[in-house]
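Trainee: Numbering (UniProt numbering), first residue to last: 1 to 235.
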């Protein structure tokens, strides 16, 4: 896993084995998140950072696999597993902390366990949160605001998910999403029009195993701003 673009196929193999058959809808969400990460990484990141982002997107929900459940909290279960099988420290920390999971961990009384995986404040981290927060359970684009509203409706006011949002998780996600959008807009302005990933048919896009099969509908999302879509949340 040492060189550029080596983490992603490794992470994909792990996630596919654990999720594709047991949790196909979760696997669809993971692949959709990775497609966003692929496009955004090409726009705002370089080399190894692109690879790390896509690998984290592929791995972020791996902790939902029943065989990995230890704490009953998927970010922590996923990070514990990928650390055990040799993932780099940054990848394990990104999995543990994706989408403001620290707020839910605090409510669950798991802050001490989470402290093994310190969060980072980087463009990769913000991009991972963005990609997760604009992908619905079927792997399709969804507006960030619609996803946050759906979490509240589905989980209810007394749920850990909603309490975590109100304890600061929503503000943290919003800030990360807005920073990522700003970076995407700035990067798009710096690129020649014909090279911009948000220019429709001409956009640059690296093929990967997370891409849809021919029978699946197109993602229909551009990295130049938040996508629109129907409510749905793979919390």
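Idealized CB from N, CA, C, for every residue including glycine. Nothing here was measured: the structure is a model prediction, and the numbers come from that model.
Whose C-beta lies closer than 6 Å to the C-beta of residue 72 among residues of the same chain, with five residues either side of it excluded?
Mentor: On the chain shown, residue 72 is found 72 positions in, with the first residue counted as 1. If we look at residue 72 and ignore the five residues flanking it on each side, it has no Cβ neighbours.
Trainee: If we ignore side chains and look at the alpha-carbon of each, how far apart do residue 36 and residue 158 end up?
Mentor: Residue mapping note: residue 36 aligns to position 36 of the chain shown, counting from 1. Residue mapping note: residue 158 aligns to position 158 of the chain shown, counting from 1. Rounded to whole angstroms, residue 36 to residue 158 spans 31 Å at the Cα level.
Trainee: Could you give the distance in angstroms between the alpha-carbon of residue 104 and the alpha-carbon of residue 190?
Mentor: For the purposes of this step, residue 104 is taken as the residue at position 104 of the chain shown. For the purposes of this step, residue 190 is taken as the residue at position 190 of the chain shown. C-alpha separation (whole angstroms): 38 Å.
Trainee: Is it a yes or a no for the region 160 to 167 touching the region 35 to 52, going by three-plus beta-carbon pairs under 8 Å?
Mentor: Contact between the region 160 to 167 and the region 35 to 52 is absent, because fewer than three Cβ pairs lie under 8 Å.
Trainee: Can you tell me where the alpha helix (DSSP H) holding residue 92 begins and where it ends?
Mentor: Taking the first residue of the chain shown as position 1, residue 92 is located at position 92. First-last of the alpha helix (DSSP H) with residue 92: 89 to 97.
Trainee: Counting only runs that start and end within the region 110 to 148, where is the alpha helix (DSSP H) found for 4 or more residues in a row?
Mentor: Counting only runs of 4+ residues, the alpha helix (DSSP H) found wholly inside the region 110 to 148 occupies 111 to 114, 123 to 133, in chain order.
Trainee: Where does residue 192 land, buried or exposed, given buried means 16+ other C-beta within 10 angstroms?
Mentor: Within the chain shown, the letter at position 192 stands for residue 192. So residue 192 counts as exposed.
Trainee: Applying the 10 Å Cβ sphere with the 16-neighbour rule, what's the burial state of residue 13?
Mentor: Here residue 13 corresponds to residue number 13 of the chain shown, with the count starting at 1. Looking at its Cβ environment, which holds fewer than 16 other Cβ atoms inside 10 Å, residue 13 is exposed.
Trainee: Mind reading off the beta-carbon distance from residue 91 to residue 56? Whole number of angstroms is fine, and I expect it under 8 Å.
Mentor: Translated into positions along the chain shown, residue 91 becomes position 91. Translated into positions along the chain shown, residue 56 becomes position 56. That pair is a contact at about 6 Å.
Trainee: What's the call for residue 121, buried or exposed, on a 16-neighbour Cβ count within 10 Å?
Mentor: Locating residue 121 in the chain shown gives position 121, where the first residue counts as 1. It counts as exposed.
Trainee: Assuming the contact rule is C-beta atoms closer than 8 Å, residue 82 and residue 95 should be a hit. Round their C-beta distance to whole Å, please.
Mentor: One-based indexing of the chain shown puts residue 82 at position 82. One-based indexing of the chain shown puts residue 95 at position 95. Yes, residue 82 and residue 95 are in contact; Cβ-Cβ is about 6 Å, under 8 Å.
Trainee: Short of 7 Å in beta carbon distance, which residues of its chain neighbour residue 11, apart from the five on each side in sequence? Order them along the chain.
Mentor: As a position in the chain shown, residue 11 is number 11, starting the count at 1. Here the set comprises 55, 58, 59.
Trainee: Just to confirm before moving on: does the CB-CB distance between residue 80 and residue 93 stay below 8 Å?
Mentor: Start at 1 with the first residue of the chain shown, and residue 80 comes out as number 80. Start at 1 with the first residue of the chain shown, and residue 93 comes out as number 93. It is not a contact, given that the beta carbons lie outside the stated cut-off.
Trainee: How far does the alpha helix (DSSP H) with residue 101 in it extend, from its first residue to its last?
Mentor: Position 101 of the chain shown holds residue 101. Start and end: 101 to 108.
Trainee: How many whole angstroms separate the CB atoms of residue 33 and residue 135, which I take to be in contact at a CB cut-off of 8 Å?
Mentor: Sequence index remark: in the chain shown, residue 33 carries index 33 (1-based). Sequence index remark: in the chain shown, residue 135 carries index 135 (1-based). Confirmed, Cβ separation roughly 5 Å.
Trainee: Buried or exposed for residue 183, going by 16 or more other Cβ atoms inside 10 Å?
Mentor: Residue numbering aside, residue 183 sits at position 183 when the chain shown is read from its first letter. Classification for residue 183: buried.
Trainee: According to the Cβ coordinates, are residue 137 and residue 25 closer than 8 Å?
Mentor: For the purposes of this step, residue 137 is taken as residue 137 along the chain shown, with counting starting at 1. For the purposes of this step, residue 25 is taken as residue 25 along the chain shown, with counting starting at 1. A contact, by the Cβ cut-off of 8 Å.
Trainee: For residue 89, which option in 111, 110, 75, 116 has the closest C-alpha, if you only look at C-alpha atoms?
Mentor: As a working note, residue 89 is residue 89 in the chain shown. Measuring from the Cα of residue 89, the nearest candidate turns out to be 116.
Trainee: Just the C-alpha distance for residue 165 and residue 130, rounded to the nearest angstrom, thanks.
Mentor: Within the chain shown, residue 165 is the residue found at index 165, counting from 1. Within the chain shown, residue 130 is the residue found at index 130, counting from 1. Distance between the alpha carbons of residue 165 and residue 130 is about 15 Å.
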